[in-house]
Amino acid sequence: MSDATRIEDYLRALSRALRSLPERDRDDIVAEIRAHLEHRAGEGRLDAAIKSLGSPENCARTFIEEMKIQTAFADGGPAKTFGALLALASRRATATAGLFVSLVFFLLAAGFAFTALAEIVTPDLAGFWIGPESGNIMIGAFEPPPVPAPPGEPAPREIMGRWLILFAAGMAVLFFVIGQWLSRFFIRLMIRRKSPTAI
Numbered sequence: 001m002s003d004a005t006r007i008e009d010y011l012r013a014l015s016r017a018l019r020s021l022p023e024r025d026r027d028d029i030v031a032e033i034r035a036h037l038e039h040r041a042g043e044g045r046l047d048a049a050i051k052s053l054g055s056p057e058n059c060a061r062t063f064i065e066e067m068k069i070q071t072a073f074a075d076g077g078p079a080k081t082f083g084a085l086l087a088l089a090s091r092r093a094t095a096t097a098g099l100f101v102s103l104v105f106f107l108l109a110a111g112f113a114f115t116a117l118a119e120i121v122t123p124d125l126a127g128f129w130i131g132p133e134s135g136n137i138m139i140g141a142f143e144p145p146p147v148p149a150p151p152g153e154p155a156p157r158e159i160m161g162r163w164l165i166l167f168a169a170g171m172a173v174l175f176f177v178i179g180q181w182l183s184r185f186f187i188r189l190m191i192r193r194k195s196p197t198a199i
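Residue 199 is where the sequence shown ends in the numbering used here, and the numbering goes up by one at each step.
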């Protein structure tokens, strides 16, 4: 089989594997790989070039992952960055770590947002309680509210009242911003300066 035929076969398979990308991006990638393979074929090193690229499917996956990372970083929105981490978590340790860490902060943000809403809707069930003897702290919405202390011990007291709305809303925003910053941080860690195939 001639070098030209092998190159065309590789590029056809690559183009099929890239079908999830917009046509313009797909054409650019195929043109880049074509130029690389033709250059290497001219040097008599086509086998080494194909081996370094891997199978068309693996090569395409690398480009698709890289485009997800670049798009998520350029967009910067929480849905894009978290979505990119979620999509890449099974294949990249950095994405897995980023997904876990940012998810913790997003869940904390959701919990505090729920607490603020609960304080507005059902103030008797939501609060920030401190046990006077033990110093235990409870914050959130409880059904039923925290049980009274055993006889002879002072009951936990709710210390924030309606200020809990502002406190919980502020904490929700803070944790959301931290979660988003961490998502972008982990996306930034995955951005590589070179082409994903290092050609």
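Backbone N, C-alpha and C fix where the C-beta goes; we use that ideal spot for every residue, glycine too.
Considering only the alpha carbon of each residue, which of the options lies closest to residue i?
i: residue 50; options: 33, 61, 65, 66; result: 33
i: residue 163; options: 89, 189, 123; result: 123
i: residue 107; options: 179, 14, 8, 28; result: 179
i: residue 183; options: 141, 75, 142, 140; result: 75
i: residue 61; options: 82, 44, 29; result: 29
i: residue 14; options: 43, 54, 99, 168; result: 54
i: residue 68; options: 45, 92, 52; result: 92
i: residue 11; options: 27, 22, 21; result: 27
i: residue 120; options: 138, 137, 161, 86; result: 161
i: residue 20; options: 96, 36, 63; result: 63
i: residue 5; options: 46, 77, 78; result: 46
i: residue 105; options: 23, 139, 181, 48; result: 181
i: residue 36; options: 139, 102, 52, 23; result: 52
i: residue 79; options: 59, 97, 90, 103; result: 103
Check whether the Cβ atoms of residue i and residue j sit closer than 8 Å, and answer yes or no.
i: residue 9; j: residue 41; result: no
i: residue 165; j: residue 70; result: no
i: residue 127; j: residue 158; result: yes
i: residue 189; j: residue 94; result: yes
i: residue 88; j: residue 65; result: yes
i: residue 57; j: residue 17; result: yes
i: residue 125; j: residue 100; result: no
i: residue 38; j: residue 7; result: yes
i: residue 109; j: residue 167; result: no
i: residue 72; j: residue 187; result: yes
Could you tell me whether the Cβ of residue i comes closer than 8 Å to any Cβ of chain C?
i: residue 57; result: Among the protein chains of the structure shown there is no chain C, as only one such chain exists.
The stretch 165-175 contacting the stretch 114-124, beta-carbon criterion three pairs below 8 Å: yes
Can you give, in chain order, each stretch of the beta strand (DSSP E) that sits fully within the stretch 46-132 and has at least 3 residues? 126-130
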